[in-house]
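The sequence shown begins at 8 in my numbering and counts up by one.
Using N, Cα and C, we set each Cβ at its ideal position, and we do this for glycine too.
Please read these numbers as outputs of a predicted model, since none were measured by experiment.
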Amino acid sequence: MREVRVDPLDLDKLARILPSERADSLRTRAADAADRLRGRVVWNVNATATGGGVAEMLQVLLAYGRGAGVDTRWLVLDGDAEFFTATKRLHNVLHGSAGDGKGLGDDVRAHYEAVLAHNLRDMRRLVRPGDIVLLHDPQTAGLTQGLMESGVAVAWRCHIGLDEPDEIADLGWAFLRPYVEQADAFVFSRRAYAPGWVPPDRLRVVPPSLDPFSAKNAVLSVHDVRATLQIAGLVSTDADGGGAAFGRRTDGPGRVRARDSLMVDDSPVPGDARIVLQVSRWDRLKDMEGVLRGFVDHLGELPADAHLVLAGPDVTGVSDDPEGAEVFASCRELRASLPSRTRDRVHLTALPMDDGDENAHLVNALQRYASVVVQKSLVEGFGLTVTEPMWKGRPVVASAVGGINDQVEHGTSGLLLDDPRDLAAMAGAVDSLLRDPALAVRLGAGAHLRVLDRFLADRHLIQYADMFSEMLGR
Ligand code: UDP
8 MREVRVDPLD LDKLARILPS ERADSLRTRA ADAADRLRGR VVWNVNATAT GGGVAEMLQV
68 LLAYGRGAGV DTRWLVLDGD AEFFTATKRL HNVLHGSAGD GKGLGDDVRA HYEAVLAHNL
128 RDMRRLVRPG DIVLLHDPQT AGLTQGLMES GVAVAWRCHI GLDEPDEIAD LGWAFLRPYV
188 EQADAFVFSR RAYAPGWVPP DRLRVVPPSL DPFSAKNAVL SVHDVRATLQ IAGLVSTDAD
248 GGGAAFGRRT DGPGRVRARD SLMVDDSPVP GDARIVLQVS RWDRLKDMEG VLRGFVDHLG
308 ELPADAHLVL AGPDVTGVSD DPEGAEVFAS CRELRASLPS RTRDRVHLTA LPMDDGDENA
368 HLVNALQRYA SVVVQKSLVE GFGLTVTEPM WKGRPVVASA VGGINDQVEH GTSGLLLDDP
428 RDLAAMAGAV DSLLRDPALA VRLGAGAHLR VLDRFLADRH LIQYADMFSE MLGR
């Protein structure tokens, strides 16, 4: 187990941008939670400190928790390649996809348990009776029992799921159920994701949220966006006076490192192009390849200045996602196979992961620069990659799957794709936004309000505080 450093964030900073009633409620509830939780540690355990939505949220929520006076701490599991290959399979299976098809047999179970037994030993040296542990996702489920035996209250949060679980997903739940069944509380991002055996009195529905002040979402001037993209070698913007500095979660400010090009096998996007962007991990279910195919198959129908950018993490930097390298390689091959005039209109970038704050700032700049942001997931737990551009007032085109349905109201805060495999519909929706700037502005404004209303950290923190109180009361 490895502890991730979390520096406190001032909750008042968040309160100041909220409507006054919400701000007051946040301050009162935070003070109340700090009182109730005094003397206890609230531990969070997940599989990675960088990459993906869970790590994104933990950074923020734990920091606000510390800022409010609650002793929140973050631990990351140790696991070997075999463990993460199996848990990635389990992740896919819970999404109704067989993944690498190698199943979840006794050998998988034995290795899963052995790895978690090792992690449990580490954790038992850290936790004390009366502490609270929030375990995240299938990788950590097997810690539940052992921790409860140590006298701590355990909540298990699953960030993924299917609205209508199928036979494949049932296999995943059969694997997990014995580990988590006794947990003190269960958290899902949507009610539909909770399997029927979760007792209703222990079930909480808590959608994700974002932080407006993190390097991922902080306000940037147009000049700073252009300078950042220019210096990083993402877009040839002829930057005119902006800077490329960003705030860090810990330690002082950072500055984007200069590069000739961060585009793979390619030079930066021309400065006069309009960008259609998808940001995702290189995960099959995010369907980066489908976005690429849809864009190039319908290129003739799109405005001549439209360029596609697919942005994901440098695959060598994400240890808990072994599938990433394969998906990235197929996108790269597909791009290489295109005729040169088509190839020049599509760009892949593998954003460096060695500096998480720089990575976040680059994503921020790309999302703010993009004319349209796409999220054509085939399945999606929630999709912070939709929330983030919505907060930035960008028009989004996103699949009507999972938690995306909770975020985007079609025609008011973005455009939904009923069938995520319909490439013509995706291209048509993108085209409609590129050709109608007034529509793009209206949907972007609606998107920002939607996130302000529902998906900021105050709501999330209050829901957690309520849950912790109930767990301690049990
Ligand atoms: N992300 C990132 N850099 C990348 C790709 C993704 O910082 O190169 C972030 C993205 O901005 C978002 C998170 O990873 O905050 C992905 O969360 P989401 O809920 O969309 O999906 P998940 O990856 O958890 O399935």
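By a C-beta neighbour count over all protein chains shown, 10 Å radius and 16 as the cutoff for buried, is Asp492 buried or exposed?
This structure gives no information on residue 492, because the portion of the chain shown stretches from 8 to 481.
Residues in its own chain within less than 6 Å of Ile411 by CB, not counting five upstream and five downstream?
Glu387, Gly390, Val393 and Ala405
Beta carbon of Leu309 nearer than 9 Å to that of Leu210:
no
Given Leu299, which residues of its chain have a CB within under 8 Å of its CB, disregarding the five upstream and five downstream residues?
Leu315, Leu317, Cys338, Leu341, Arg342 and Val353
So is the beta-carbon of Glu63 under 8 Å away from any non-hydrogen atom of the ligand UDP?
yes
Which of the three DSSP states, helix, strand or coil, is assigned to Ile243?
The identity of residue 243 in the sequence shown is Ser, whereas the question assumes Ile. Strand at Ser243.
Pull up the distance between the alpha-carbon of Asp78 and that of Gln470, whole angstroms please.
17 Å
Can the beta-carbon of Arg73 be found less than 9 Å from the beta-carbon of Thr257?
no
With a threshold of 6 Å on Cβ separation, who are the neighbours of Val286 within its own chain once the five nearest residues in sequence on each side are excluded?
Ala318, Val370 and Thr392
Counting only runs of 4+ residues fully inside the region 227–299, write out the alpha helix (DSSP H) ranges in chain order.
229–238
Among residues of its own chain, excluding the 5 on either side of His417, which ones have a beta-carbon nearer than 8 Å to its beta-carbon?
Ala407 and Leu423
Which partner residues of Trp81 appear in the DSSP bridge assignment?
Val11 and Asn51
Inter-residue spacing [alpha-carbon to alpha-carbon] between Gly158 and Leu450
49 Å
If we call anything under 9 Å between Cβ atoms a contact, is Pro179 one with Leu111?
According to the sequence as given, residue 179 is Gly; it is not Pro. Yes; because the gap between Cβ atoms is below 9 Å, this pair is in contact.
Can you tell me where the alpha helix (DSSP H) with Ile411 in it begins and where it stops?
Ile411 to Gln414
Distance check for Val115 and Ser378, CA to CA, integer angstroms please.
45 Å
Output the boundary residues of the alpha helix (DSSP H) element that contains Gln146.
Asp144 to Thr147
Per DSSP, which one or two residues make a beta bridge with Ser406?
Leu424
At a cut-off of 8 Å, is His166 close to the ligand UDP when judged by its beta-carbon and the heavy atoms of the ligand?
yes
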